[in-house]
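Asks: Sharing a structure here in structure tokens format.
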Amino acid sequence: MPRRKPGQDRPQRRKNAHHREPVDAFRCVGCRLDVPMAAPGTAHRNHCPHCLTSMHVDHRVPGDRRAGCRGRMAAFSVTVRPDGEWLIIHHCQSCGGLSANRIAGDDNALALLRIAIRPLSDSRLPVSALLAL
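Numbering-wise (the numbering used here), the sequence shown opens with residue 1320 and increments by one.
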């Protein structure tokens, strides 16, 4: 037996899914620090400036946020463009995908250098082979 009189609807709040408040920060999945979205040198911040960890959110275009994986992406390596700009190579821990992301001006320089010199500390690769490049 219904408790309400038929024909009377309770007022509900409108669900406005298309108009979200702008996000000005996110929490890093690696070090759990709050990271501001504004980044010097790039329009779409997609990694933590402290530990360089990212989340798999972009599919093809930076900033599209269309990836369905949402996995944790670890900083795997760095590469340098011909114009001298550094890129961080991220490896997704869930799906195994790779992506290249521009570094930002406030990224941890020590963390970037640790990734850059990692091949020099690998005992399987002779240093003389790297120096010959």
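The C-beta atom is built at its ideal place from N, Cα and C for all residues, glycine as well.
Since the model is a prediction, treat every value here as computed from it, not as a measurement.
(1) Look up Ala-1358 in the DSSP assignment and say whether it is helix, strand or coil.
(2) Are the CB atoms of His-1409 and Ala-1393 within a distance shorter than 8 Å?
(3) What separation, rounded to the nearest whole angstrom, lies between the Cα atoms of Pro-1355 and Asp-1343?
(4) Where does Ala-1423 fall in DSSP's three states?
(5) Check each candidate in Leu-1431, Gln-1412 and Ile-1422 and name the one with the smallest Cα separation from Arg-1391.
(6) Which residues does DSSP list as the beta-bridge partners of Asp-1343?
(7) Consult DSSP for His-1363 and reduce its assignment to one of helix, strand or coil.
(8) Rounded to the nearest angstrom, what separates Leu-1432 and Pro-1438 at their Cα positions?
Replies: On the basis of the data shown:
(1) strand
(2) yes
(3) 6 Å
(4) coil
(5) Gln-1412
(6) Note: Asp-1343 sits in no beta bridge, so no partner.
(7) coil
(8) 11 Å
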